[in-house]
Amino acid sequence: MTVVSRIARNLARALIVLFGISLITFVISHVIGDPLGVLLPLDAPSSTRAVYRHEMGLDRPVGVQYLQFVADIGRGRFGDSFLVKKPALALVAERIPRTLLLAAAGMVVAVTVAFPLGILAGYRRRSFADSASIVLAVAGAAIPIYWLGLMLQILLGVRLHWLPPSGYGSWRHLILPAFCLGAFLAPVTMRLVRSGMIEVLAQDYVRTARAKGIAERVVLTRHACRNMLLPVVTVLGLQFGQLMGGAVITETVFSWPGVASLVVQAIQSSDFPVTQAAVIILASIILAVNLSVDTIAGMLDPRLRA
Amino acid sequence: MGRIDTVPIGPVAAAPRLRAGTGRAWRRIRRIRGGLAGALVVLLIVGTSALAPWLAPHNPYVGRVVDRLLPPAWMEGGDAAFLLGTDQIGRDVLSRLAYGGRVSLAIAVLAVLVAGTVGLALGLLAGYSGGWADWLISAAVDVMLTFPFILLALATIAVLGPSIRNVVIVLGVTGWPIYTRVVRSEAVRLRALEFTVAARALGVADLRIILRHILPNLLNAVVVIASLDVARFIIVEAFLSYLGLGVQPPTPSWGGMLGDFRPFMFDRWWLPTFPGIAIFVTALAVNLMGDGLRDLLDPRSRAP
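Protein chains in written order, with the numbering used here: chain H, 5 to 310; chain F, 1353 to 1656.
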């Protein structure tokens, strides 16, 4: 498959997913939920309801409403927040960089822990590092990160006063949330690196390199790690959605003012325009990341073009 | 909570030097010792939760104001009658944890049943029939797995309203794609195998082929995912309850207690600590059991 057709196929997939997300968002907010239930007091007279219903187009057929919904999204019109008199899109936009900052920091933490440990565990099977990696993977998958975050806040924030327990501002505020998100991501990454390493080390070219008498350090870095890296990074890139799921939890626990905590607030207060804007924007970011990772991987590694 | 949590990882089992005959059996047991330990702890937790009405020292719904916010028994000011102390209205924390386990486990198991059944049915349909049904179902799986599961669950529960029943529905409705993906690819593989092809050539009805030839061969994989999903759902349910979107007070739940106790993190660290330990230990034990099950039931996916 050529690079162009690969990109075309990925774009088509992204569009289908985006369509699906818009459909889910629409069903949740317009079919199961009722925007009027939030906007009007419970005892509002039915005549007032009818006026609002007509003005917001809620009396039209569901299909027409959905098309209108999609058309509005396409033009970037998400409406005003129900709570604050501001465009929902602006509220979401100002918070995106903070979520990306947290995501990047969490990724750095995860990679710093997971790559060395995973490489060592895959290289020296049944060693201490391997056992440690298994403990990390099993325990890490079971620990609720909202609780881990709470424990970190209590220990390092409240009792030892080393770091601010929550909030946003200096780089010191970033450490605990980044560590928490890193802990969410590290076990998965570590498993990927470990199994990637095991797979690569079993390849013929590694055996050949060793047979040629190349130094083990060079075999490890040039032959093994380099070849392990690309598939692992690709899978990690495709897991960006899961990373955002971790960000939802982390931002909530640490009152980190990013998109994810905004969605949770908006969901809790039935602020439909903000929820919709945030969900669609988040989905677009996730798809953009998936798309670029997959495309770049395809360009770098001819084997993936099959 | 990610999908690739299910990437297999093998327990380190150094081959013991025993006589050849017993060596095999011994290796097998050693390989799943983590699973056995997990199963034992799971049994203990399930037992405690099921027998909570008889085991719990106090009524989980009633407390006396004079007993409020007592520290655990071993700390200064603790009361031996309340081993883990009391909450903000004087209820026994230990008793509430025991009762909370019933709710958490019941929700997780029911939700797994819902997600597993839906996912299995859709996966069989997509994998066996192919065509447009396959395309549609695969696209839906793609949509669901691209987007963070937790956000979908949050948005849906907020609209449906928080209740135990709705938590089960939401976890079930958002949790099916993992099953569908695995079942679909297995069904596609099994459909092409000789025994299925032969059955079709003999004119056996599709439904009968699915039930007799395909389903039994992929059930093990489903059981393994289901067991690991119980842990995932326990953690997600607790998060929903922690946010006030899950189990509602006064019904005790681990996540709900965590949410209630959060404001006390500044001066009573033990309060938010205990429910978290309950969630962590349960999820850990379930995961260990699931990994052991995978080693037993699904040897092909075992880690190298």
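We put the CB at the ideal spot given by N, CA and C, even for glycine.
Residue i versus residue j - alpha carbon distance
i	j	result
Ser1537 of chain F	Arg10 of chain H	22 angstroms
Met1427 of chain F	Leu1472 of chain F	51 angstroms
Arg128 of chain H	Ala136 of chain H	12 angstroms
Gly1442 of chain F	Val1414 of chain F	8 angstroms
Ser1447 of chain F	Pro1602 of chain F	13 angstroms
Ser273 of chain H	Ser1593 of chain F	16 angstroms
Gly1437 of chain F	Pro1423 of chain F	5 angstroms
His227 of chain H	Ala213 of chain H	8 angstroms
Val1520 of chain F	Val1549 of chain F	39 angstroms
Val2 of chain H	His165 of chain H	There is no way to answer for residue 2 of chain H, as the model of chain H reaches only from 5 to 310.
Val237 of chain H	Val1495 of chain F	21 angstroms
Ala1539 of chain F	Ser259 of chain H	45 angstroms
Val74 of chain H	Ser26 of chain H	7 angstroms
Thr193 of chain H	Gly1386 of chain F	22 angstroms
Ile138 of chain H	Ser170 of chain H	31 angstroms
Ala1466 of chain F	Val1574 of chain F	Here the sequence assigns Val to residue 1466 of chain F, which means Ala is not the residue at that position. Val1466 of chain F and Val1574 of chain F: Cα-Cα distance of roughly 13 angstroms.
Arg1620 of chain F	Leu1449 of chain F	17 angstroms
Leu1571 of chain F	Leu1542 of chain F	12 angstroms
Gln1600 of chain F	Gly1390 of chain F	30 angstroms
Close Cβ partners of residue i (< 6 angstroms) along its chain, the five nearest in sequence each way excluded
i	result
Asn14 of chain H	Leu295 and Asp298
Phe1501 of chain F	Thr1526
Leu156 of chain H	Leu180
Phe23 of chain H	none
Gly1524 of chain F	Ala1463, Val1466 and Ala1467
Pro1604 of chain F	Pro1412, Arg1448, Tyr1451 and Gly1452
Ser1401 of chain F	Gly1453, Arg1454 and Leu1457
Ala2 of chain H	An answer regarding residue 2 of chain H cannot be provided, because it is not within the stretch 5 to 310 covered by chain H.
Thr29 of chain H	Gln280 and Val283
Pair within 9 angstroms by beta-carbon distance, residue i and residue j
i	j	result
Arg198 of chain H	Gly83 of chain H	no
Gly1607 of chain F	Pro1624 of chain F	no
Glu255 of chain H	Leu106 of chain H	yes
Ala1404 of chain F	Pro1412 of chain F	yes
Arg81 of chain H	Leu93 of chain H	yes
Leu196 of chain H	Val239 of chain H	yes
Pro191 of chain H	Ala143 of chain H	yes
Ile32 of chain H	Thr1508 of chain F	yes
Leu1408 of chain F	Asp1444 of chain F	Note that residue 1408 of chain F is Ala in the sequence shown here, rather than Leu. Yes, Cβ-Cβ distance for Ala1408 of chain F and Asp1444 of chain F is below 9 angstroms.
Ile1566 of chain F	Thr1532 of chain F	no
Asp1612 of chain F	Asp1439 of chain F	yes
Ala1590 of chain F	Ile1631 of chain F	yes
Trp1528 of chain F	Val1588 of chain F	no
Phe1499 of chain F	Ala287 of chain H	yes
Glu203 of chain H	Met232 of chain H	yes
Leu1421 of chain F	Phe1618 of chain F	no
Residues near residue i in its chain [Cβ-Cβ closer than 8 angstroms; skip 5 each side]
i	result
Arg176 of chain H	Leu167 and Pro168
Val7 of chain H	Thr299, Gly302, Met303 and Arg309
Arg57 of chain H	Leu40 and Asp63
Pro37 of chain H	As written in the sequence, residue 37 of chain H is Gly, which differs from the Pro given in the question. Within the same chain, Gly37 of chain H has close Cβ partners Ser274 and Phe276.
Leu242 of chain H	Asn294, Val297 and Asp298
Sequence-distant residues of the same chain with beta carbon closer than 7 angstroms to residue i, five excluded per side
i	result
Phe244 of chain H	Ile290, Val293 and Asn294
Ala133 of chain H	Leu121, Leu124 and Ala125
Asp305 of chain H	Leu234
Pro277 of chain H	Phe82, Gly83, Asp84, Ser85, Phe86 and Ala92
Ala1510 of chain F	Leu1597
Leu266 of chain H	Leu95, Val96, Arg99, Val278 and Ala282
Arg1614 of chain F	Pro1624
Ala270 of chain H	Val278, Thr279 and Ala282
Leu1610 of chain F	Ala1590, Tyr1594, Pro1624, Pro1627 and Gly1628
Where residue i meets chain B, residues with beta-carbon distance less than 8 angstroms
i	result
Arg17 of chain H	Within the model displayed, chain B is absent; protein chains H and F are what it includes.
Check: residue i C-beta below 8 angstroms from any heavy atom of the ligand FAD
i	result
Ala1590 of chain F	Among the ligands in the structure shown, none appear at all, so the ligand FAD cannot be discussed.
message: With three or more C-beta pairs closer than 8 angstroms as the rule, is the region 185 to 199 of chain H touching the region 110 to 121 of chain H?
response: yes
message: With a threshold of 8 angstroms, are at least 3 pairs of Cβ atoms found where one atom belongs to the region 1465 to 1482 of chain F and the other to the region 222 to 240 of chain H?
response: no
field: Contact set between the region 281 to 294 of chain H and chain F, restricted to residues whose Cβ is under 8 angstroms from the partner
entry: Val283, Leu286, Ala287, Ile290, Leu291 and Asn294
message: Can you pull out the residues from the region 145 to 158 of chain H whose beta carbon lies closer than 9 angstroms to at least one beta carbon of chain F?
response: Taking 9 angstroms as the Cβ-Cβ cut-off against chain F, the residues of the region 145 to 158 of chain H that qualify are Ala145, Ala146, Ile147, Pro148, Ile149, Tyr150, Trp151, Leu152, Leu154, Met155, Gln157 and Ile158.
message: Beta carbons nearer than 9 angstroms to chain H: which residues of the region 1492 to 1516 of chain F have them?
response: Ala1492, Asp1494, Val1495, Met1496, Leu1497, Thr1498, Phe1499, Pro1500, Phe1501, Ile1502, Leu1503, Leu1504, Leu1506, Ala1507, Thr1508, Ile1509, Ala1510, Val1511 and Leu1512
message: By the 8 angstroms beta-carbon criterion, what residues does the region 1590 to 1618 of chain F contribute toward chain H?
response: Ala1590, Phe1591, Tyr1594, Leu1595, Gly1596, Leu1597, Leu1610, Arg1614, Met1617 and Phe1618
- request: Assess, as a yes-or-no matter, whether the region 1502 to 1513 of chain F is touched by the region 1556 to 1563 of chain F under the definition of 3 or more beta carbon pairs within less than 8 angstroms.
  value: The answer is no - the region 1502 to 1513 of chain F does not touch the region 1556 to 1563 of chain F, with fewer than three Cβ pairs under 8 angstroms.
query: Quick one, which residues of the region 64 to 84 of chain H are near chain F if we go by CB-CB under 8 angstroms, in chain order?
result: none
message: Count Cβ pairs between the region 1564 to 1581 of chain F and the region 1632 to 1641 of chain F that sit closer than 8 angstroms; are there 3 or more?
response: Judged by Cβ distances under 8 angstroms, the region 1564 to 1581 of chain F makes contact with the region 1632 to 1641 of chain F, as three or more pairs qualify.
Residues, ordered as in the chain, of the region 1627 to 1639 of chain F that lie near chain H by beta-carbon distance below 7 angstroms: Those residues of the region 1627 to 1639 of chain F that come within reach of chain H (Cβ to Cβ, closer than 7 angstroms) are Gly1628, Ile1631, Phe1632, Ala1635, Leu1636 and Asn1639.
Near-chain F residues of the region 30 to 47 of chain H - C-beta to any C-beta below 7 angstroms: Ile32, Ile36 and Gly37
Against chain F: residues of the region 99 to 124 of chain H by CB proximity under 9 angstroms: Cβ contacts with chain F: none found.
Chain H contacts from the region 1565 to 1588 of chain F (Cβ-Cβ distance under 8 angstroms): Ala1583 and Ile1587
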